[in-house]
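FYI, in the working numbering the residues of the sequence shown are 8 to 561.
For glycine and all other residues, C-beta sits at the position ideal for the given N, C-alpha and C.
Note that this is a predicted model, so its numbers are computed, not measured.
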Amino acid sequence: MSPVLAGVLQLLALVAALGLSYRPLGDHMARVYSSEKHLRPEKWIYKAIGANPSVEMRWPAYLRGVLAFSAVSVLFLYLLQRVQGSLPGSLGFVSIDPDQAFNTAASFVANTNWQSYYGEQAMGHVVQTGGLAVQNFVSAAVGIAVAVALVRGFARSRTGELGNFWSDLVRGTVRILLPISVIGALVLVACGAIQNFSGIHEVGQFGGGTQQWNGGAVASQEVIKELGTNGGGYFNANSAHPFENPTGLSNLFEIYLILVIPFALTRTFGRMVGSIKQGYAILGTMAAIWIGFTALMMWTEFAGNGPAFDIAGGAMEGKETRFGIGASAIFSVATTLTSTGAVNSFHSSNTGFGGGINLLGMQLGEIAPGGVGSGLYGMLIMAVIAVFIAGLMVGRTPEYLGKKIGTREIKFAACYILVTPALVLCFTAASFVLDTPSHSMTNSGAHGFSEILYAFTSGANNNGSAFAGLNADTQWFNSTIGIAMLLGRFLPMVFVLALAGSLAEQAPVPETAGTLRTEKPLFTGLLVGTIMIIAGLTYFPALALGPLAEGLAA
Numbered sequence: 008m009s010p011v012l013a014g015v016l017q018l019l020a021l022v023a024a025l026g027l028s029y030r031p032l033g034d035h036m037a038r039v040y041s042s043e044k045h046l047r048p049e050k051w052i053y054k055a056i057g058a059n060p061s062v063e064m065r066w067p068a069y070l071r072g073v074l075a076f077s078a079v080s081v082l083f084l085y086l087l088q089r090v091q092g093s094l095p096g097s098l099g100f101v102s103i104d105p106d107q108a109f110n111t112a113a114s115f116v117a118n119t120n121w122q123s124y125y126g127e128q129a130m131g132h133v134v135q136t137g138g139l140a141v142q143n144f145v146s147a148a149v150g151i152a153v154a155v156a157l158v159r160g161f162a163r164s165r166t167g168e169l170g171n172f173w174s175d176l177v178r179g180t181v182r183i184l185l186p187i188s189v190i191g192a193l194v195l196v197a198c199g200a201i202q203n204f205s206g207i208h209e210v211g212q213f214g215g216g217t218q219q220w221n222g223g224a225v226a227s228q229e230v231i232k233e234l235g236t237n238g239g240g241y242f243n244a245n246s247a248h249p250f251e252n253p254t255g256l257s258n259l260f261e262i263y264l265i266l267v268i269p270f271a272l273t274r275t276f277g278r279m280v281g282s283i284k285q286g287y288a289i290l291g292t293m294a295a296i297w298i299g300f301t302a303l304m305m306w307t308e309f310a311g312n313g314p315a316f317d318i319a320g321g322a323m324e325g326k327e328t329r330f331g332i333g334a335s336a337i338f339s340v341a342t343t344l345t346s347t348g349a350v351n352s353f354h355s356s357n358t359g360f361g362g363g364i365n366l367l368g369m370q371l372g373e374i375a376p377g378g379v380g381s382g383l384y385g386m387l388i389m390a391v392i393a394v395f396i397a398g399l400m401v402g403r404t405p406e407y408l409g410k411k412i413g414t415r416e417i418k419f420a421a422c423y424i425l426v427t428p429a430l431v432l433c434f435t436a437a438s439f440v441l442d443t444p445s446h447s448m449t450n451s452g453a454h455g456f457s458e459i460l461y462a463f464t465s466g467a468n469n470n471g472s473a474f475a476g477l478n479a480d481t482q483w484f485n486s487t488i489g490i491a492m493l494l495g496r497f498l499p500m501v502f503v504l505a506l507a508g509s510l511a512e513q514a515p516v517p518e519t520a521g522t523l524r525t526e527k528p529l530f531t532g533l534l535v536g537t538i539m540i541i542a543g544l545t546y547f548p549a550l551a552l553g554p555l556a557e558g559l560a561a
């Protein structure tokens with residue numbers, strides 16, 4: 008079987024698996040966030056944290072809950088790393104330095120999971136399982152909660168109430184993420200991923216010498232790393248490591264985990280707003296971009312020139328032979344179009360255009376299908392922008408899902424789309440203006456520029472993957488990327504919740520003959536065009552200096 012055919016068949020199998028999961032999972036999540044009942048374990052949690060899950064919150068109160076919980080999480084994770092050397096199960100590792108501890112705490116709480124350290128050489132069992140793995144669950148649950156609050160803003164009228172943050176947080180963790188993770192961990196163990204709390208072992212190597220390996224609860228962390236679109240690996244090689252991702256089957260399963268909740272949330276959205284067709288329109292937009300990017304990535308990685316490419320069957324540098332080019336291309340697009348950041352190949356080794364596709368995937372805002380929760384609310388913000396543009400073209404007040412998109416709403420949407428590019432471009436420019444940051448680049452020229460552009464794009468968009476040629480473990484990068492991750496996560500949430508509150512206060516607008524039909528393919532095409540134009544106008548100059556220049560020079 009040719010490598011190209013193998014890649015296409017894997018893509019088709021993935022689409023089939025996602026299609027089978029779409030309806031049951033989407034409907035289940037709609038029931039979870041619409042139910043008025045609380046499970047007994049959930050009641051225990053509410054009692055422990057002193058929360059009343061039945062109290063409805065307006066958007067400022069909902070936002071305070073998000074920010075307060077996240078601030079406490081950052082502080083807890085920071086302190087846990089700072090005292091690691093005194094904890095049991097530390098495997099002899101010392102406490103983490105302040106700048107790296109801040110970067111890691113910000114990273115995992117912001118659902119970014121950027122890692123400027125070698126996991127197997129820095130973090131013991133307590134930090135990995137009691138700190139990082141816990142944040143993999145709750146940071147993902149926070150993203151879904153904010154998305155659900157925005158959906159309620161569209162679904163409700165004449166009220167500013169968006170639900171209860173603590174109830175949404177707990178339900179997302181207990182009823183969605185935990186059950187799927189338990190099953191998924193068993194699947195990964197069956198595929199060969201390790202799951203233990205063993206210490207460090209010294210093993211012999213082929214050709215002489217020894218190498219040290221430590222065990223860990225890898226399968227359980229791996230499954231929520233992918234399911235929650237987190238991305239932080241137990242080992243530095245991430246999902247290219249055989250302990251995390253042993254076989255081609257486990258690789259395909261991990262891609263499925265990355266995509267299944269973000270895609271299924273469009274069904275949840277359709278259910279909650281009372282129109283399944285509206286969910287299909289958002290799904291169609293996400294799917295069109297994802298399939299298009301995957302096809303482009305496979306083409307550019309298979310179509311290399313030169314004898315080395317011909318012998319290997321494509322651009323095999325930086326890729327695992329047990330996965331090949333097709334599976335690596337599918338994985339890299341899935342991880343950069345969501346906020347996952349997991350890698351099964353090194354993106355720095357992609358062709359120039361391949362690296363550009365990964366960069367552009369993040370710069371779109373990671374909305375196809377995006378991170379858990381963040382992908383849906385990001386796409387809905389883009390839908391608001393698209394409706395506004397359509398309204399300008401026909402001279403009619405724009406409406407979306409029966410809500411008028413006025414001056415206030417479009418200001419919130421505009422602020423949302425401006426935050427991340429400002430962080431990416433300003434921090435990238437500062438890194439080249441100052442002398443010290445550029446010393447961290449392994450490469451010069453266009454590829455070196457791409458290394459730093461990719462780092463801040465990944466951080467501010469809460470992705471977490473890296474170009475792998477940048478030494479990011481410096482005070483500058485630990486501090487600035489940490490700040491970019493926090494601002495890139497929580498500032499957009501401010502505008503999302505403010506928009507949700509504004510929409511929920513409105514009275515519904517009756518549909519007329521002039522209303523734009525946002526469930527039709529025409530609107531899907533308009534939405535895709537709006538997304539590509541906004542990203543292109545924002546990032547094209549930076550992309551031209553980096554991956555485009557490198558690709559054209561190849």
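query: Spatial neighbours of Pro444 in its chain, beta-carbon cut-off 6 Å, leaving aside the 5 residues before and after; result: Ser438 and Trp483
query: Closest by C-alpha distance to Ala392, when choosing among Gly57, Ile412 and Ile374; result: Sequence check: residue 392 is Ile here, not Ala. Measuring from the Cα of Ile392, the nearest candidate turns out to be Ile412.
query: Contact between the stretch 264-280 and the stretch 371-387 (3+ Cβ pairs under 8 Å); result: yes
query: Identity of the residue in Gln228, Val177, Thr487 and Leu383 nearest Val133 by Cα; result: Gln228
query: Burial state of Gln219 (16 or more Cβ within 10 Å); result: exposed
query: Where the beta strand (DSSP E) containing Asn221 begins and where it ends; result: Thr217 to Asn221
query: Rounded Cβ spacing between Met400 and Leu534 (contact assumed at less than 8 Å); result: About 14 Å; that fails the 8 Å criterion.
query: Close Cβ partners of Ala505 (< 7 Å) along its chain, the five nearest in sequence each way excluded; result: Trp66 and Phe419
query: Distance CB(Val516)-CB(Glu406) smaller than 8 Å; result: yes
query: Closest Cα partner of Arg38 within the set Leu70, Arg278, Gly14 and Val153; result: Arg278
query: Beta-carbon spacing of Gly543, Asn468 below 8 Å; result: no
query: Buried versus exposed, by CB contacts within 10 Å (16 or more), Pro48; result: exposed
query: Close beta carbons around Leu250, own chain, < 6 Å, minus the five adjacent residues each side; result: Leu is not the amino acid found at residue 250; the sequence shown has Phe there. Taken in chain order, the residues that qualify are Ile201 and Val225.
query: Reference Gly362; option with closest CA among Pro554, Val22 and Arg159; result: Pro554
query: Inter-residue spacing [alpha-carbon to alpha-carbon] between Met539 and Leu94; result: 49 Å
query: Contact check, Leu157 vs Leu387, beta carbons under 8 Å; result: yes
query: Cβ-based neighbour list, Leu74, same chain, cut-off 8 Å, excluding 5 preceding and 5 following; result: Phe497
query: Three-way DSSP call (helix, strand, coil) for His45 in this model; result: coil
query: Counted within 10 angstroms of its Cβ, other Cβ atoms place Ser451 as buried (16 or more) or exposed; result: exposed
query: Sequence-distant residues of its chain with Cβ nearer than 7 Å to Gln107 (five each side left out); result: Ser123, Tyr124, Asp480 and Asn485
query: Residues sharing a beta bridge with Lys326, DSSP; result: Ser352
query: Buried/exposed call for Val116, threshold 16 Cβ in 10 Å; result: buried
query: Straight-line Cα distance separating Pro10 from Gly331; result: 7 Å
query: Runs of alpha helix (DSSP H) lying entirely within the stretch 380-418, each at least 4 residues, in chain order; result: 381-401
query: Beta-carbon contacts of Cys198 that lie in its chain and below 8 Å, excluding the five residues immediately before and after; result: Pro253, Thr254, Leu256, Ser257 and Phe260
query: Per-residue burial, Gly333 [other beta carbons within 10 Å of its own, 16 or more giving buried]; result: buried
query: Leu18 versus Met293 - alpha carbon distance; result: 16 Å
query: Given Phe434 as reference, the closest of Ala397, Gly495, Gly325 and Val81 once Cα atoms are compared; result: Gly495
query: Cβ neighbours of Ser114 in the same chain (closer than 6 Å, five flanking residues each side left out); result: Asn120, Trp121 and Met492
query: Per DSSP, cross-strand counterpart(s) of Met448; result: Leu477
query: Per-residue burial, Thr217 [other beta carbons within 10 Å of its own, 16 or more giving buried]; result: exposed
query: Backbone secondary structure at Val210 - three-state DSSP; result: strand
query: Residue interval of the alpha helix (DSSP H) (run including Arg274); result: Gly255 to Val280
query: Nearest-angstrom Cα separation, counted from Asn110 out to Gly489; result: 5 Å
query: First and last residue of the uninterrupted alpha helix (DSSP H) at Gln370; result: Gly359 to Gln370
query: As assigned by DSSP and simplified to three states, the class of Ser163; result: Checking the sequence shown, residue 163 turns out to be Arg, not Ser. Here Arg163 sits in coil by DSSP.
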